[in-house]
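Residue numbers (mature numbering (1 follows the signal peptide of the UniProt record, and there is no 0)): -23 to -1, 1 to 228. Okay, so here's the structure we're looking at.
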């Protein structure tokens, strides 16, 4: 199931327009960059994924998008670097590790079922942020390493300063259905470390936090919460979506 993770992380980036400054962002001479160089850096910046899984994800993305594997790898790495840069610029030196429940602040009850939360977070030192969805106003569903998709009480989730709580602009019926779908994955879906191409992997099976939320609203409400609609759906993509509205900033 880890192959779903690799595919998701790479696909998010492929849909973006290739950046002319890519070579500088990956610290490689543009005349010497090879496919394996991009793969190696994708593995390095997505702890938990193997080289074989990344290559398989790229191949699947290439087949689906009809783009070359070289283009997929370059764009996926570019988007991954952008996501890490954005997260680093928004937070201080303390952060939650691997979506775990660390942090000096407590999450609060939601206004409605189907609401979301976002907190700064990292995966093995690589900062991506973390999302979860409220199945009820006091229970949250999220996907974290080791456990996969789980449900806990809101007050069992510590968050970082400036974590936000958000509503999704849709009917309450749609929000309810999305929350129920996420809840149906509890104890079923394991965790995936693949952010780069997770938009193009199966909505069922291994998934990270943002893939869980994105899948729930795509399947049950036909709402695409991915802000840039690249190959990967990152937590900040959902937080900054035109469909999400922040109603509480935790400080």
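Just so you know, even glycine gets a beta-carbon here, dropped at the ideal spot from N, CA and C. Here the structure is a predicted model, which is why all the values come from computation and not from measurement.
- In the displayed model, residue 127 falls within a strand according to three-state DSSP.
- A residue is called buried when at least 16 other Cβ atoms come within 10 angstroms of its Cβ; residue 29 does not meet this threshold and is exposed.
- In the DSSP assignment, residue 151 falls within the alpha helix (DSSP H) that extends over 149 to 161.
- For residue 31, the enclosing alpha helix (DSSP H) starts and ends at 28 to 42.
- Between residue 213 and residue 64, the gap from beta carbon to beta carbon is short of 8 Å.
- Taken through DSSP and simplified to helix, strand or coil, residue 93 comes out as strand.
- Apart from the 5 residues on each side of it in sequence, residue 31 sits with its Cβ closer than 6 Å to the Cβ of -18, 16, 19 and 20 in its chain, given in chain order.
- Exposure of residue 164 is indicated by the presence of fewer than 16 other C-beta atoms within 10 angstroms of its C-beta.
- Here residue 119 has 109 and 186 as same chain residues with Cβ atoms under 6 Å from its own Cβ, once five neighbours each way along the sequence are excluded.
- Here residue 93 is actually not in contact with residue 126; their C-beta atoms are around 15 Å apart, not less than 8 Å.
- In the DSSP assignment, residue 187 falls within the alpha helix (DSSP H) that extends over 186 to 198.
- Each of 12, 90 and 35 was checked against the Cα of residue 158, and the nearest Cα belongs to 90.
- Distance between residue 179 and residue 23, taken at the CA atoms: about 19 Å.
- Residue 172 has its alpha-carbon roughly 19 Å from the corresponding atom of residue 12.
- Counting of Cβ neighbours within 10 angstroms places residue 133 among the exposed residues, the total staying below 16.
- The three-state reading of DSSP puts residue 143 in strand, counting E and B together.
- DSSP places residue 132 in the helix class (H, G or I) of the three-state scheme.
- Looking only at 156, 139, 207 and 151, the smallest Cα-Cα distance to residue 115 is reached by 156.
- Residue 115 sits in coil when the DSSP states are folded into three classes, being neither helix nor strand.
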